[in-house]
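Visitor: For what it's worth, our numbering labels the leading residue of the sequence shown as 100, then goes sequentially.
Heads up, the beta-carbon is just placed ideally off N, CA and C, and yes, glycines get one too.
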Amino acid sequence: MGKINVITPIHIATGNDYFTFTIYDKKRYPLEAMLDTVENKEELIKSNGLNKLLNKNSVSQMSNDEFFRIFQVQSSKVDPSKALYSIDYYRYRTGKVAECEKTCNNLYIPGSTIKGYIINVAWYDMINKDQEIERYLSNNIKFLNKIATRVSQIQQVLVCRDIVLEDEKPYLYNCNRFGYNQRDNRETNMPVAIIETINKDVSKDEVEIYIEHNREMINQYKVIKNSILSSIDRDRNSRDRRIEKKMVESLYKRLINLSSWFNKANEHFVSLNIDEELDFIDYTRNKSFDKNTLRDFYNNLKNKLSQGKIIIRIGKYTNYYFKTISSAFDNFYDRFSEVYSPSKRKSKPEIESMNILEGQSGRFDMVPGYLEIEL
Numbered sequence: 100m101g102k103i104n105v106i107t108p109i110h111i112a113t114g115n116d117y118f119t120f121t122i123y124d125k126k127r128y129p130l131e132a133m134l135d136t137v138e139n140k141e142e143l144i145k146s147n148g149l150n151k152l153l154n155k156n157s158v159s160q161m162s163n164d165e166f167f168r169i170f171q172v173q174s175s176k177v178d179p180s181k182a183l184y185s186i187d188y189y190r191y192r193t194g195k196v197a198e199c200e201k202t203c204n205n206l207y208i209p210g211s212t213i214k215g216y217i218i219n220v221a222w223y224d225m226i227n228k229d230q231e232i233e234r235y236l237s238n239n240i241k242f243l244n245k246i247a248t249r250v251s252q253i254q255q256v257l258v259c260r261d262i263v264l265e266d267e268k269p270y271l272y273n274c275n276r277f278g279y280n281q282r283d284n285r286e287t288n289m290p291v292a293i294i295e296t297i298n299k300d301v302s303k304d305e306v307e308i309y310i311e312h313n314r315e316m317i318n319q320y321k322v323i324k325n326s327i328l329s330s331i332d333r334d335r336n337s338r339d340r341r342i343e344k345k346m347v348e349s350l351y352k353r354l355i356n357l358s359s360w361f362n363k364a365n366e367h368f369v370s371l372n373i374d375e376e377l378d379f380i381d382y383t384r385n386k387s388f389d390k391n392t393l394r395d396f397y398n399n400l401k402n403k404l405s406q407g408k409i410i411i412r413i414g415k416y417t418n419y420y421f422k423t424i425s426s427a428f429d430n431f432y433d434r435f436s437e438v439y440s441p442s443k444r445k446s447k448p449e450i451e452s453m454n455i456l457e458g459q460s461g462r463f464d465m466v467p468g469y470l471e472i473e474l
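1) Does Y128 come out as helix, strand or coil in the three-state DSSP assignment?
2) So for G461, helix, strand or coil by DSSP?
3) Using the Cα positions of T113 and G468, report the straight-line distance between them to the nearest angstrom.
4) In the structure shown, what three-state DSSP assignment does Y469 receive?
5) For the beta strand (DSSP E) that contains Y416, what are its first and last residues?
6) Report yes or no: do three or more beta-carbon pairs, one from the segment 318 to 336 and one from the segment 180 to 197, lie closer than 8 Å?
7) At which residue ranges does the segment 223 to 287 contain complete alpha helix (DSSP H) runs of 4 or more residues, listed in the order of the chain?
8) Around the Cβ of P441, are there at least 16 other Cβ atoms within 10 angstroms (buried) or fewer (exposed)?
9) Contact check, L350 vs V250 under 8 Å by CB: the rounded distance?
10) With 16 as the cutoff for other CB atoms within 10 Å, does P290 come out buried or exposed?
11) Since V71 and I323 are thought to touch, with beta carbons under 8 Å apart, how far apart are those beta carbons, to the nearest angstrom?
12) Just the C-alpha distance for N298 and K415, rounded to the nearest angstrom, thanks.
13) Could you give the C-beta distance for I293 and C199, rounded to a whole number, given that I count them as a contact under 8 Å?
14) For the candidate residues E376, I253, I455, whose alpha-carbon lies nearest to that of K401?
15) Compute the Euclidean distance between the alpha carbons of N219 and E265, then round it to the nearest angstrom.
16) Consider the C-beta atom of R260 and the heavy atoms of the ligand ADP; say whether any pair is separated by less than 8 Å.
17) In or out: I411 buried (at least 16 other Cβ within 10 Å) or exposed?
18) Looking at the unbroken alpha helix (DSSP H) that takes in I323, where does it start and where does it end?
19) List the endpoints of the continuous beta strand (DSSP E) containing D116.
20) Can you say whether I317 is buried or exposed, counting buried as having 16 or more other CB atoms within 10 angstroms of its CB?
21) What do you get for D464, buried or exposed, if any count of 16 or more other CB atoms within 10 angstroms of its CB means buried?
22) When burial is assigned at 16 or more other CB atoms within 10 Å of the CB, is S452 buried or exposed?
23) Within its chain, find whatever has a CB closer than 8 Å to the CB of V347; leave out the 5 residues flanking it on each side and keep chain order.
24) Determine the burial state of G458: buried for a count of at least 16 other Cβ atoms within 10 Å of its Cβ, exposed for fewer.
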């Protein structure tokens with residue numbers, strides 16, 4: 100058992116969205132519930148209202164007042180029993196809201212999200228500490244997906260449970276992307292989305308981050324591992340059986356004993372990524388976001404990491420580095436980037452933009468996705 104504490108708002112994307120005008124009195128309603136309040140539905144059908152309603156681009160640009168006027172919606176008459184769930188916010192634009200992952204209308208962090216992050220750090224640590232594996236992956240970078248798929252079967256030995264956050268309301272935040280376009284010497288400040296989030300300061304005890312490995316499970320995992328090793332021996336397309344088997348063994352040892360390596364490896368991984376964002380903050384001349392608050396936040400985060408805290412970053416609208424093992428390669432732009440990000444630009448900072456949230460103060464002063472966990 101462990102515990103979690105949300106440091107900054109987290110958005111676990113579903114790919115679904117809804118319109119802000121379906122929010123009334125801090126509750127989200129189905130669109131149908133809002134349209135039920137229209138008294139003269141025949142008039143709505145005769146007018147061009149339904150055609151407008153089907154045009155999502157048009158509707159998403161409407162203010163709430165304009166929507167209520169055109170469609171004659173009387174939000175004060177909406178049936179409270181039809182509310183999907185309560186919602187909270189500091190401020191948000193008019194438009195579409197990117198929905199956060201839920202189960203039975205409860206916010207939750209999927210176990211697969213935590214598992215994916217742990218495995219990412221395991222790969223990072225493995226590459227960082229074994230030059231032979233690093234060289235092999237660098238030299239065969241175009242085959243990395245194929246290699247990783249073959250080796251990744253061992254990842255099933257790690258099982259993470261979903262973390263359900265009952266009675267926690269989603270918060271809405273405006274998310275903008277800030278950058279500095281060197282080509283035309285122009286600052287960029289682009290609205291990206293209104294996002295539902297698990298809000299900061301949400302915490303939960305007795306979280307089952309991963310299943311304890313008892314003797315019976317270890318024996319089962321050994322069978323899985325040996326089966327994978329045998330399949331590599333039989334694989335005619337293997338580029339180097341010895342090293343691929345070495346990767347399986349190395350990954351296996353890490354995943355059955357997180358406590359022996361994860362804390363230190365994660366500190367290094369997160370600190371490296373924080374340094375990239377600090378470089379961006381110091382380098383860009385963009386003054387549209389609160390640099391000082393973010394700089395202080397990141398320095399405080401690095402302090403906590405150095406004290407042994409396990410801080411991870413998950414969800415959408417985080418930076419590219421947190422989603423890949425790219426930072427394990429010193430020659431990032433020469434090798435890794437040519438496959439996953441073909442741009443030939445080598446300008447500093449390597450992160451050329453940041454997604455930042457608008458906080459309660461009205462300033463853009465928060466970055467999404469940071470979570471503290473105790474294993």
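Guide: On the basis of the coordinates in this document:
1) Coil.
2) The three-state reading of DSSP puts G461 in coil, since its state is none of H, G, I, E or B.
3) T113 and G468: Cα-Cα distance of roughly 15 Å.
4) Three-state DSSP puts Y469 in a strand.
5) No beta strand (DSSP E) contains Y416, which DSSP labels as neither H nor E.
6) Result no; under three Cβ-Cβ pairs closer than 8 Å.
7) Correct list: 230 to 238, 243 to 250.
8) Per-residue confidence for P441 stands at a pLDDT of 48, beneath the threshold of 50, marking its modelled position as unreliable; no derived number is given.
9) In this structure, L350 and V250 form a Cβ contact; the two beta carbons are roughly 7 Å apart against a cut-off of 8 Å.
10) The C-beta of P290 has fewer than 16 other C-beta atoms within 10 Å across all chains shown, which makes the residue exposed.
11) This structure leaves residue 71 out entirely; the chain is present only between 100 and 474.
12) C-alpha of N298 to C-alpha of K415: approximately 14 Å in a straight line.
13) For I293 against C199, the beta-carbon gap comes to about 11 Å, at or over 8 Å, which does not count as contact.
14) Nearest to K401 by alpha-carbon distance, out of E376, I253, I455, is E376.
15) Cα to Cα, the separation comes out at about 28 Å.
16) Summarising the ligand content, the structure contains no ligands, and the ligand ADP is consequently not present.
17) Burial is judged here by how many other beta carbons sit within 10 angstroms of a residue's own beta carbon; I411 has at least 16 and is buried.
18) That run of the alpha helix (DSSP H) goes 314 to 333.
19) Counting along the chain, D116 sits inside the beta strand (DSSP E) bounded by residues 112 to 118.
20) Looking at its Cβ environment, which holds fewer than 16 other Cβ atoms inside 10 Å, I317 is exposed.
21) Sixteen is the threshold: when 16 or more other Cβ atoms of the shown chains lie within 10 Å of the Cβ of D464, as they do, the residue is buried.
22) Classification for S452: buried.
23) Once the five neighbours on either side are set aside, the close Cβ partners of V347 are V250, I253, K324, I327, L328, I331.
24) In summary, G458 is buried, with 16 or more beta-carbon neighbours lying within 10 Å of its beta-carbon over all protein chains present.
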